[in-house]
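Each residue of the sequence shown is one higher than the one before, counting from 2 in my numbering.
Idealized CB from N, CA, C, for every residue including glycine.
This one's a predicted model, so the numbers in the text were calculated from it and none came from an experiment.
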Amino acid sequence: SACLCEKGTYMPLTAQGCVPCPDGMDCPVGSSEANAEFLGASDRGPEQQFLVLNPGFWASQAEPMSVFKCRDALRCPGGDPGSACAANLERQACDHCKVGFAWDGVKCVECSDFESSGALFPILPLVLAPLIIICLYTFFGDPLPKWPSWQNDLGALIFITLNHYQIVTVLT
Numbered sequence: 002s003a004c005l006c007e008k009g010t011y012m013p014l015t016a017q018g019c020v021p022c023p024d025g026m027d028c029p030v031g032s033s034e035a036n037a038e039f040l041g042a043s044d045r046g047p048e049q050q051f052l053v054l055n056p057g058f059w060a061s062q063a064e065p066m067s068v069f070k071c072r073d074a075l076r077c078p079g080g081d082p083g084s085a086c087a088a089n090l091e092r093q094a095c096d097h098c099k100v101g102f103a104w105d106g107v108k109c110v111e112c113s114d115f116e117s118s119g120a121l122f123p124i125l126p127l128v129l130a131p132l133i134i135i136c137l138y139t140f141f142g143d144p145l146p147k148w149p150s151w152q153n154d155l156g157a158l159i160f161i162t163l164n165h166y167q168i169v170t171v172l173t
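So, in structure tokens, the structure goes:
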């Protein structure tokens, strides 16, 4: 036990002595990069300790020393590299819900049968779009001389502004 690294330090593969723990990780007593093979084992002893991810950070089991910052600690609660994602999250930095699940702002929730069926998109828009266009044309269709009116200009401006904010929301 005298040869084990102290808490907050670890033994890298390339060094002869203990070095400070990298950002995003916690190093329990005895942490060593060579112990990556014991990741996932529940009964590790002090000689088999690997660095532990802090909440808000992620690393894969294949490259446990390549640490990524997650969007938030809800997605990455911390733990062993390769298993540090919240329930039903996967991929780099726990950024994607598993197939059949969708992010609700707090966690991945299971999609309903209707949402997963393929009826919601593209079938529903293909059915509703022509009906909406016909209704809009019937109720709001202006004759050609009224097109340059201020009311039509205002409607177009509102539509463009709405589209702008929708795109900005999707991109952020």
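Where the alpha helix (DSSP H) through residue i begins and ends
{"i": "GLU48", "result": "From DSSP, GLU48 is part of no alpha helix (DSSP H); its letter is neither H nor E."}
{"i": "PRO116", "result": "The displayed chain sequence assigns Glu, not Pro, to residue 116. Looking at the DSSP string, the run of the alpha helix (DSSP H) that includes GLU116 is 114-117."}
For residue i, three-class secondary structure by DSSP
{"i": "ALA94", "result": "helix"}
{"i": "ASP27", "result": "strand"}
{"i": "THR173", "result": "coil"}
{"i": "GLU34", "result": "helix"}
{"i": "THR162", "result": "helix"}
{"i": "TRP59", "result": "strand"}
Residues of its chain near residue i, where Cβ-Cβ distance is below 7 angstroms and the 5 sequence neighbours each way are ignored
{"i": "CYS22", "result": "GLY9, THR10, TYR11, CYS28, LEU52"}
{"i": "VAL110", "result": "PHE102, ALA103"}
Terminal residues of the beta strand (DSSP E) in which residue i lies
{"i": "ALA103", "result": "102-104"}
{"i": "CYS136", "result": "It is not in any beta strand (DSSP E) - CYS136 instead sits in the alpha helix (DSSP H) that spans 125-141."}
Close-in-space but distant-in-sequence residues of the same chain around residue i (CB under 8 angstroms, 5 per side omitted)
{"i": "SER61", "result": "SER67, PRO82, GLY83, GLN93"}
{"i": "ALA63", "result": "GLY83"}
{"i": "ALA87", "result": "LEU75, ARG76, CYS77, PRO78, CYS95, LYS108, CYS109"}
Residue i versus residue j - alpha carbon distance
{"i": "CYS106", "j": "PRO123", "result": "According to the sequence displayed, residue 106 carries Gly and not Cys. Roughly 24 angstroms separates the two Cα atoms."}
- Task: Spell out a yes or no on whether the stretch 69-77 and the stretch 42-49 are touching, meaning 3 or more CB-CB pairs, one atom from each, closer than 8 angstroms.
- Result: Contact between the stretch 69-77 and the stretch 42-49 is absent, because fewer than three Cβ pairs lie under 8 angstroms.
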